[in-house]
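Engineer: Its first residue numbered 40, the sequence shown is counted upward by one per residue in the numbering used here. Don't be surprised by glycine CBs; every beta carbon is placed ideally from N, CA and C. Here it is, the structure, as structure tokens.
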Amino acid sequence: MERITREKNELNVTTAFLRYNNKYHDTPNDQLKTAFHQTLGKHKTVIVFHKKGCSTCEKLTGDVNKLQKMRDQNNQATIVVDYMNLVTRQYFEQYHVQVAPTVLVVQKGAVIKRIVKPTHEQMAQIARE
Numbered sequence: 040m041e042r043i044t045r046e047k048n049e050l051n052v053t054t055a056f057l058r059y060n061n062k063y064h065d066t067p068n069d070q071l072k073t074a075f076h077q078t079l080g081k082h083k084t085v086i087v088f089h090k091k092g093c094s095t096c097e098k099l100t101g102d103v104n105k106l107q108k109m110r111d112q113n114n115q116a117t118i119v120v121d122y123m124n125l126v127t128r129q130y131f132e133q134y135h136v137q138v139a140p141t142v143l144v145v146q147k148g149a150v151i152k153r154i155v156k157p158t159h160e161q162m163a164q165i166a167r168e
């Protein structure tokens, strides 16, 4: 009985971990204005544009979460926006994003890198920059 309970608890932890890693952590709506203002600064800001339900986007969720975590630890800005959120659609238009997923690197208000449908390798490269 104890073994079954322990295995069940381990399964629950694993399931919770997978759910966390399979979900985008979008920038909250009330922080968007401040976050996008940071794109005008001298430091690079990474913006991830995705769409809920997009299979290509879902494949990159773990990569995006790693990127966010690494950049957060280094006090570097990362913005994540979902096309299905009506509040963020203006940013898709502003940055001329027509395909999800798209990743931009912005510095001093200018897009210095645009990757449409990035690969796992490209996401890892952005995380290292």
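1) Which ranges does the alpha helix (DSSP H) cover as unbroken runs of at least 4 residues, wholly within the stretch 64 to 116, from first to last along the chain?
2) Between the Cα of K83 and the Cα atoms of A163, K152, Q161 and Y130, which residue gives the shortest distance?
3) What did DSSP end up calling E41 once you bin it into helix, strand or coil?
4) With burial defined as no fewer than 16 other Cβ atoms inside 10 Å of the residue's Cβ, what is the status of E46: buried or exposed?
5) Helix, strand or coil, according to DSSP, for Y59 in the structure here?
6) How long is the line joining the alpha carbons of A166 and Q112, rounded to whole angstroms?
Structural biologist: Quick look at the numbers:
1) Segments of the alpha helix (DSSP H) lying fully in the stretch 64 to 116: 71 to 76, 94 to 98 and 100 to 112.
2) Minimum Cα distance to K83 is reached at K152.
3) Any reading at E41 needs caution, since the residue's pLDDT is 37, under 50, leaving its predicted position unreliable; the model's value is listed next. Three-state DSSP puts E41 in a helix.
4) Low confidence applies to E46: its pLDDT is 41, below 50, so where it sits in the model is not reliable, and the reading given next is rough at best. By the Cβ-count criterion, E46 is exposed, with fewer than 16 other Cβ atoms from all chains shown falling within 10 Å of its own Cβ.
5) Interpretation of Y59 is limited by its pLDDT of 41, a score under 50 that renders its predicted location unreliable; no figure is taken from the coordinates.
6) Those two C-alpha atoms are separated by around 11 Å.
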